[in-house]
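Trainee: Going by numbering that gives the first Met the number 0, the final residue of the sequence shown carries number 273, and the count climbs one at a time with no gaps.
We put the CB at the ideal spot given by N, CA and C, even for glycine.
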Amino acid sequence: MIRGWYIGSSGMNAQQNRLDTISNNLANVDTAGFKRDVSVSKSFPELLLRRTEADGVIKNPFGSSDVAPIIGKLGLGVETNENFTEFEQGSFRVTDEPTDFALGGQGFFAVQTPNGERYTRNGNFIVGKEGILETKDGYPVLGENGVIHLDEVLQGAKFSVDENGTVQINAKDIDDEDMVVDRMKIVRFENERYLKKTGNSMWMSTDVSGEAYIAEGDERPKTMQGYMETSNVNVVNEMVKMIEVNRAYEASQKTIQSEDAMMSTLWSKVALAR
0 MIRGWYIGSS GMNAQQNRLD TISNNLANVD TAGFKRDVSV SKSFPELLLR RTEADGVIKN
60 PFGSSDVAPI IGKLGLGVET NENFTEFEQG SFRVTDEPTD FALGGQGFFA VQTPNGERYT
120 RNGNFIVGKE GILETKDGYP VLGENGVIHL DEVLQGAKFS VDENGTVQIN AKDIDDEDMV
180 VDRMKIVRFE NERYLKKTGN SMWMSTDVSG EAYIAEGDER PKTMQGYMET SNVNVVNEMV
240 KMIEVNRAYE ASQKTIQSED AMMSTLWSKV ALAR
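1. Measuring alpha carbon to alpha carbon, tell me which of N114, Q105, D181, G103 ends up nearest L274.
2. Would you tell me roughly how many angstroms separate the C-alpha atoms of S90 and A109, rounded to the nearest one?
3. When you compare each of D217, T112, G142, I147 to V126 by their alpha carbons, which one comes out closest?
4. Does the beta-carbon distance from L102 to E228 come in below 9 Å?
5. Since I131 is in the alpha helix (DSSP H), which residue starts that stretch and which ends it?
6. Evaluate the contact criterion for the region 118 to 125 versus the region 31 to 40: three or more CB pairs, one atom per stretch, below 8 Å.
7. Could you have a look at I57 and say whether DSSP puts it in helix, strand or coil?
8. Is it true that the CB of N16 sits closer than 9 Å to the CB of T79?
9. Is the separation between the beta-carbon of V77 and that of S40 shorter than 9 Å?
10. List the DSSP bridge partners of W4.
11. Rounded to the nearest angstrom, how far is the Cβ of R187 from that of E218, given a contact under 8 Å?
12. Assuming L149 and G130 form a contact by the criterion Cβ under 8 Å, report the distance between their Cβ atoms to the nearest whole angstrom.
13. Using only the heavy atoms of the ligand PLP, determine whether one of them is closer than 8 Å to the beta carbon of D29.
14. Could you tell me if P113 is buried or exposed, where buried requires 16 or more neighbouring beta carbons within 10 angstroms of its beta carbon?
15. State the Cα-Cα distance for the pair E116 and A250, rounded to the nearest angstrom.
16. For V93, collect the residues of the same chain with a Cβ closer than 7 Å to its Cβ; drop the 5 residues on either side in sequence, then sort them by chain order.
17. Please report the straight-line C-alpha distance between E162 and E215, rounded to a whole angstrom.
18. By Cβ distance below 8 Å, which residues in the same chain neighbour V152 in space, the five residues on each side in sequence not counted?
19. Would you kindly work out how many angstroms separate the C-alpha atoms of N24 and V269, rounded to a whole number?
20. Starting from L102, follow the beta strand (DSSP E) in both directions and report where the run begins and ends.
21. Give the single residue among D206, G198, K184, N199 whose Cα lies nearest to the Cα of E191.
22. Tell me, please, which residues DSSP counts as bridged to N82.
23. The beta strand (DSSP E) that contains D206, what's its start and end?
24. Quick check on this structure: which residue in G164, K253, M223 has the alpha carbon closest to the alpha carbon of E184?
25. So if DSSP puts A109 in a beta bridge, which residue, or which two residues, is it bridged to?
26. Is the beta carbon of T254 sitting closer than 9 Å to the one on G104?
Okay, structure coming up:
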């Protein structure tokens with residue numbers, strides 16, 4: 000019976016982790032470029048049950064055989080195995096803002112942070128006071144030659160980015176020639192599933208994901224200026240999963256209550272017998 004308490008509590012812990020993941024997905028349903036997480040559970044190793052009245056080994060002409068046959072299995076509970084991110088493409092929303100970008104396909108923008116290079120799908124950028132293209136948190140967006148400087152934009156010039164990610168200053172308003180500034184550093188990974196989330200819709204590479212490399216050719220996603228990629232969270236699906244988690248949590252909770260009632264009855268009968 001005591002084992003039943005542990006089995007029930009392990010189920011409650013696993014469902015609580017699933018609920019936390021779903022809640023985080025719903026909280027970020029309006030976050031640009033957010034990718035939903037999925038919590039995966041696995042069962043503990045099952046215990047084989049044998050017939051204890053016939054325990055032992057007997058000899059026969061063909062060798063030895065077990066007298067205690069297996070009569071079933073007993074589950075020992077579940078645990079959270081991993082939380083992984085689904086990098087499914089979100090839908091596009093038209094903003095017509097020159098500093099908004101979306102990637103049509105797999106890939107990431109590279110961003111320079113105090114903790115090193117990070118990667119994001121959130122293309123909601125701005126041109127900072129120093130003429131640097133940066134995120135809303137003030138982190139510079141990287142080109143293949145370093146930080147992307149758009150000083151001419153502060154002087155009234157406009158800029159454009161083509162589908163290949165090439166940044167060009169349209170300097171007609173300041174009596175200058177158009178010029179190519181840089182090409183956005185858009186990267187890919189060998190195993191994108193194993194990227195690590197660092198908050199603010201950013202990821203970092205891990206030993207399993209491999210280091211970032213610049214996407215070229217067919218691997219390079221199309222850069223779309225004036226668009227935003229929305230979250231890939233489906234509110235209806237997440238709400239249905241939340242209901243399922245609550246029901247599973249209640250079932251594990253009732254299992255513990257039943258085990259507790261059985262144990263209480265056993266203790267009371269043993270005490271009366273004495």
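Mentor: A quick look at the data gives this:
1. Only positions 0 to 273 of the chain appear in the structure, and residue 274 is not among them; the question remains open.
2. Position 91 of the sequence shown, counted from the start, is the residue given in the question as residue 90. Position 110 of the sequence shown, counted from the start, is the residue given in the question as residue 109. Each residue's alpha carbon lies about 21 Å from the other.
3. In the sequence shown, the residue the question calls residue 126 occupies position 127. Relative to the Cα of V126, the nearest Cα in the group D217, T112, G142, I147 belongs to I147.
4. The sequence position of residue 102 within the sequence shown is 103, counting from 1. The sequence position of residue 228 within the sequence shown is 229, counting from 1. Taking 9 Å as the Cβ cut-off, L102 and E228 qualify as a contacting pair.
5. Here residue 131 corresponds to residue number 132 of the sequence shown, with the count starting at 1. Taken as a continuous stretch (DSSP letters only), I131 belongs to no alpha helix (DSSP H), as it is neither H nor E.
6. These segments touch.
7. As a working note, residue 57 is residue 58 in the sequence shown. Since pLDDT at I57 reaches only 49, below the 50 mark, its modelled position is unreliable, and the value read off the structure follows with that caveat. If DSSP states are grouped into helix, strand and coil, I57 belongs with the strands.
8. Mapped onto the sequence shown, residue 79 falls at position 80. Mapped onto the sequence shown, residue 16 falls at position 17. The beta carbons of T79 and N16 sit closer together than 9 Å.
9. As a working note, residue 77 is residue 78 in the sequence shown. As a working note, residue 40 is residue 41 in the sequence shown. V77 is a Cβ neighbour of S40, given a cutoff of 9 Å.
10. Mapped onto the sequence shown, residue 4 falls at position 5. Residue pairing by DSSP places W4 in no beta bridge whatsoever.
11. By 1-based counting over the sequence shown, the position of residue 187 is 188. By 1-based counting over the sequence shown, the position of residue 218 is 219. Going by Cβ atoms, the distance from R187 to E218 rounds to 6 Å, so yes, they are a contact pair.
12. The residue given as residue 149 occupies position 150 in the sequence shown. The residue given as residue 130 occupies position 131 in the sequence shown. Indeed, because the Cβ distance is near 5 Å, the residues count as touching under 8 Å.
13. As presented, the structure is devoid of all ligands, the ligand PLP included, so that no description of it is given.
14. Here residue 113 refers to the residue found at position 114 of the sequence shown. Exposed.
15. By 1-based counting over the sequence shown, the position of residue 116 is 117. By 1-based counting over the sequence shown, the position of residue 250 is 251. Computed Cα separation, rounded: 45 Å.
16. On the sequence shown, position 94 is the one that residue 93 refers to. Sequence-distant Cβ neighbours of V93 in its own chain, meaning closer than 7 Å and more than five residues away, are G225, Y226.
17. Mapped onto the sequence shown, residue 162 falls at position 163. Mapped onto the sequence shown, residue 215 falls at position 216. Taking the straight line from one Cα to the other gives about 12 Å.
18. Along the sequence shown, read from residue 1 onward, the residue named residue 152 stands at position 153. Here the set comprises V126, G130, F158, I168.
19. Counting from one through the sequence shown, the residue named residue 24 turns up at place 25. Counting from one through the sequence shown, the residue named residue 269 turns up at place 270. Annotation: N24 to V269 spans about 50 Å, alpha carbon to alpha carbon.
20. Counting from one through the sequence shown, the residue named residue 102 turns up at place 103. Annotation for L102: the continuous beta strand (DSSP E) segment containing it runs 99 to 103.
21. The sequence position of residue 191 within the sequence shown is 192, counting from 1. Comparing alpha-carbon positions, the option among D206, G198, K184, N199 lying closest to E191 turns out to be D206.
22. Walking along the sequence shown from the start, residue 82 turns up at place 83. S38.
23. Numbered from its first residue, the sequence shown carries residue 206 at position 207. For D206, no beta strand (DSSP E) run applies, since DSSP gives it neither H nor E.
24. The count along the sequence shown starts at 1 and reaches residue 184 at position 185. Per the sequence presented here, residue 184 reads as Lys, with Glu not at that position. For the residues G164, K253, M223, the minimum Cα distance to K184 belongs to G164.
25. Looking up residue 109 in the sequence shown gives position 110. Assignment of beta-bridge partners to A109 by DSSP yields Y118.
26. Numbered from 1 along the sequence shown, position 255 holds the residue referred to as residue 254. Numbered from 1 along the sequence shown, position 105 holds the residue referred to as residue 104. T254 is not a Cβ neighbour of G104, given a cutoff of 9 Å.
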